[in-house]
Structure formats: C-alpha cells, structure tokens
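What follows is one structure encoded as structure tokens, with my remarks underneath.
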Amino acid sequence: MKLAAQIAKVVVGVIFIFSGLIKLNDPVGTEIKLEEYFEVFAQDLPALHDLFMALIPLSLYLSVILCTAEVVLGIALLLGYKPKTTSWLLLGIILFFTFLTFYSAYFNKVTDCGCFGDAIKLKPWTSFGKDIFLLILILLILYKRKEFTAQTTGMLVALATVVSLGIAFYAIRHLPILDLLPYREGASIPDQMQPSEPIRYSYIFEKEGKEVQFESFPTDTTLKFKEMIILNEEAKPKITDYRTWNDEGDFTQESFKGSKLFVIVKNLKDINTAALPEIRQLLTDLKGSAVETLILTSASGEEIEKFRTEQQLKIPFYYADATVLKTISRSNPGIWLLKEGVVKGKWHFNDTPKAKEVLEKLSR
25 MKLAAQIAKV VVGVIFIFSG LIKLNDPVGT EIKLEEYFEV FAQDLPALHD LFMALIPLSL
85 YLSVILCTAE VVLGIALLLG YKPKTTSWLL LGIILFFTFL TFYSAYFNKV TDCGCFGDAI
145 KLKPWTSFGK DIFLLILILL ILYKRKEFTA QTTGMLVALA TVVSLGIAFY AIRHLPILDL
205 LPYREGASIP DQMQPSEPIR YSYIFEKEGK EVQFESFPTD TTLKFKEMII LNEEAKPKIT
265 DYRTWNDEGD FTQESFKGSK LFVIVKNLKD INTAALPEIR QLLTDLKGSA VETLILTSAS
325 GEEIEKFRTE QQLKIPFYYA DATVLKTISR SNPGIWLLKE GVVKGKWHFN DTPKAKEVLE
385 KLSR
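So, in structure tokens, the structure goes:
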C-alpha cells in the first residue's frame, strides 16, 4: 500500500505541475474559462446570481491563484513538504475541479474546461474521468500521509511560488510564452478552416427495434434515423468560427488577401487606451506601405465610430465574434499581422512594434 501511495504521489505531482504550468503560460485563457463558468452559474442558480456576477471581475486573479496553486502543490507533494497540509489542499482543489468537470459534462455547459489549457483538449466526460482518477489517488495519499517523511524544503516551495507568479505576470503583461492557439504566429488561417482529410461519417438507424449502422446514407425509407457520428474527429477543421464582416457584407476571404495589420479591439469596456498613442504612431508610419491597416472589433457600429473619432484612428473597421477575438488576442487592444492568411506577427499592446519590425516580419 505504501508503494502504491508513493507512485500516486509521483503521478499526482507530475500531472498537477504540468497542468498548472500549461495554464500559467496563458492565465488569460483560464480567466476566460472562469468567466464562462460564473456566467453559467449565475444563470442556472438565480439565488446566487449577484455573487457569481461579482466574481467575474476577479477571474484573472483567481486564475493566477489556482494555476499557481496547482504547480506549487505538485512540487510540494513531490518534495514531501508538509505532507498533511499539502494532501488536504490537494483534496480541496481536486474536489473543486471535479465539480466543475461534472457540471460541464452532465449539463453540457462550458464543454471545454481548459484543464490542460490549449495544449490538450479533453471532452467533458473525459475531463471528469481524469479528475475522478486523481481524486482516488489523492485520497490514497491522504490516507497514507503519516507514513511520508516530512522534508524541510520550504525554500524550494517558496521559489516555485515566485517563479510561477513570474510566469503568470509575464504572460499577462505580454503574451503566452508558448502560443498554442490556432491563431499563433506562423499558422495559416485558411488552411485551418479546412478539414485535413475528407470527413467520414457513420449513420445510425433503427429497424425493427435494432440499431443498424451504415457508412453511407441509406435510401431505405423504412429505417428510422437516430444519429450521425464523425469517424475521424481529428480531421475536423481547427478553426470553425472565424468570420469578419461589415455593414456591406462578408469580409472573411478578403481578410486573407495581401498584407493586413489588424488592431484588435475586443471590447471598449476594459480597453487600455494608454496604449493607443503608440498604436496610432505605428499606423501613421505604415501609411504608404503595402500594409493595409484595419480595426477588428466586436463592439457595435455606433460604439466603434465614437471610439475611432475620440482616439483619432482613421482606419476602416470590421466586425468579428467576441469569442474569436479573445482567442486571437489575449490583450485589448492587440495587434495581429496577416500575409495571405498566414499569421506573421502578434503583439501585446505593451510590445507595440515599430513599422520597421512589421515590414521585416512580412519580408520573411
């Protein structure tokens, strides 16, 4: 039993460290997931609506705390630091995650829990199963905690805390160190909007009380259709919701032509206007070049027109879905550079490039 507990320590520690680091790489992504959960809970639990809505502005802080806790508790477990306290804290955090993944799976809400950030996508029931597995291991660790020798490794745990917070702070102030999103630099947006191979389906019908499966849609009208299943999920397009438009019509395919620099304005509620003078200068310096400069926003036409006037941004604007913009840019405003639909550059507003850097990116 002690050997099993030792193995459980290693498995839980490694998974918690990996999960925490992946999410610390992109704490804004975890913030978005927490906001989704709070919005769902506010809707599903009217009596606690105000509480959950009040938590939404705190999502980024909670994201950093949770992700840091995962890494620090994983390291503390492996090092044998305060085994009793560490075990109980691990139990608390896994119960919290298990509740979230069960809620996602059972009620089909927030179907991507973000357990491993954007590195590994798990289906809701798979995520729940993973948390049940970890819960069993943590209960075993908690049961055998008295047999573990406590180690004086407080300095290492403290160092892990500082480093974890440093990673999170860097990612928030700039961009994720490792960009795992489909709109990352070097990615072709049009290619990712296409399946990697023809999608294959399985068609489930019912006949005389029995299920019958076909690889092509049958012509027998006596069959009762039940469901259609995709056989090669991995072939599905990685991007399915990218679309840009204005009041005159769709602009999606046009956005892939030539060289385009988009100023991403996710919303006007929490935009950092202090960053706009540098962005204005960049737009001015790019005038006369082959780079077309545009605004991409989810704000209303009236709001963005007023914003453009106030901020002296005399460039065209186009609309995009708010969720898509959150995926494209983790900063507000952000800067996104495309050449023939391939992402050539992404910048946080704290790292607004000079025109020379933009042109160099396009020449590579």
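Residues 25 to 388 in this note's numbering are what the sequence shown spells out, letter by letter. We treat Cβ as the ideally placed atom computed from N, Cα and C, and that holds for glycine.
Option in the options with minimal Cα separation from residue i
i, options, result
"Glu251", "Pro261, Glu235 and Glu258", "Glu235"
"Arg169", "Ala184, Ala314, Thr109 and Cys91", "Thr109"
"Lys368", "Lys378, Val382 and Ser279", "Val382"
"Glu258", "Ile359, Leu146, Ile89 and Gly312", "Leu146"
"Glu63", "Ile117, Lys47, Val134 and Val36", "Val134"
"Val315", "Thr321, Ala346, Leu386 and Phe121", "Leu386"
"Gly190", "Leu307, Ile89, Gly53 and Lys26", "Ile89"
"Pro200", "Phe280, Thr351 and Glu302", "Thr351"
"Phe131", "Ala182, Leu115, Tyr61 and Leu285", "Tyr61"
"Leu320", "Ala299, Asn270 and Gly365", "Asn270"
"Leu19", "Ile328, Trp360 and Glu327", "Because residue 19 is not part of the residues shown, which for the chain are 25 to 388, the question remains open."
"Lys380", "Leu164, Thr297, Ala182 and Asp309", "Asp309"
"Asp375", "Lys338, Lys363 and Ala298", "Ala298"
"Arg354", "Tyr167, Phe152, Leu204 and Pro261", "Leu204"
"Val36", "Lys47, Ser83 and Ile99", "Ile99"
"Gly210", "Ile31, Arg388 and Ala28", "Arg388"
"Gln30", "Phe152, Glu329, Leu163 and Pro148", "Leu163"
"Ala195", "Ser212, Glu230, Glu302 and Leu48", "Leu48"
"Lys33", "Leu161, Gln237, Phe275 and Phe229", "Leu161"
"Ala182", "Ile165, Arg197, Asn256 and Val95", "Val95"
Exposed unless 16 or more other CB atoms sit within 10 angstroms - verdict on residue i
i, result
"Glu221", "exposed"
"Ala323", "buried"
"Tyr342", "buried"
"Thr268", "buried"
"Lys154", "buried"
"Gly325", "exposed"
"Asp50", "buried"
"Phe193", "exposed"
"Asn356", "buried"
"Lys248", "exposed"
"Ala71", "exposed"
"Arg224", "exposed"
"Glu59", "buried"
"Tyr167", "exposed"
"Thr317", "buried"
"Lys363", "buried"
"Ser188", "buried"
"Pro81", "exposed"
"Glu232", "exposed"
"Trp371", "buried"
"Gly358", "buried"
Near the ligand SAM: residue i beta-carbon under 8 Å from a heavy atom
i, result
"Leu247", "Because no ligand of any kind appears in the structure shown, any question about the ligand SAM cannot be addressed here."
Assumed close pair residue i, residue j - CB separation to whole angstroms, cut-off 8 Å
i, j, result
"Leu124", "Leu113", "Wrong, their Cβ atoms sit about 17 Å apart, outside the cutoff."
"Asp345", "Asp244", "Contact flag wrong, Cβ pair sits at about 40 Å."
"Lys26", "Glu171", "6 Å"
"Leu285", "Gln335", "The Cβ separation is near 16 Å, so there is no contact."
"Gly44", "Cys91", "5 Å"
"Ile253", "Ser283", "The pair is not a contact, with the Cβ atoms about 42 Å apart (cut-off 8 Å)."
"Pro214", "Gly365", "4 Å"
"Ser111", "Ser128", "That belief does not hold up - the Cβ atoms of Ser111 and Ser128 are roughly 26 Å apart, past 8 Å."
"Gln175", "Gly104", "4 Å"
Range of the contiguous beta strand (DSSP E) that encloses residue i
i, result
"Met252", "Lys248 to Ile254"
"Glu235", "Lys234 to Phe238"
"Gly365", "Per DSSP, Gly365 belongs to no beta strand (DSSP E) and is neither H nor E."
"Ile228", "Tyr225 to Lys231"
Residues that DSSP places opposite residue i in a beta bridge
i, result
"Trp269", "Asp274 and Tyr343"
"Glu316", "Lys284"
"Val289", "Thr321"
"Ile359", "Val287 and Trp371"
Residue i: first and last residue of the uninterrupted alpha helix (DSSP H) it sits in
i, result
"Thr110", "Pro107 to Phe131"
"Tyr85", "Ser83 to Leu103"
"Met77", "His73 to Leu79"
"Gln216", "Ile213 to Gln216"
"Ala182", "Gly178 to Arg197"
"Tyr207", "Unbroken run through Tyr207: none, as it is neither H nor E."
"Thr376", "Looking at the DSSP string, Thr376 is not in any alpha helix (DSSP H), and its letter there is neither H nor E."
"Gln336", "Premise fails: Gln336 is in no alpha helix (DSSP H) and is neither H nor E."
"Lys47", "Lys26 to Leu48"
"Phe65", "Pro51 to Asp68"
"Thr308", "Leu300 to Asp309"
Contact with chain B by residue i, beta-carbon distance below 9 Å
i, result
"Leu90", "The chain labelled as chain B is not found in the depicted structure, where only one protein chain is given."
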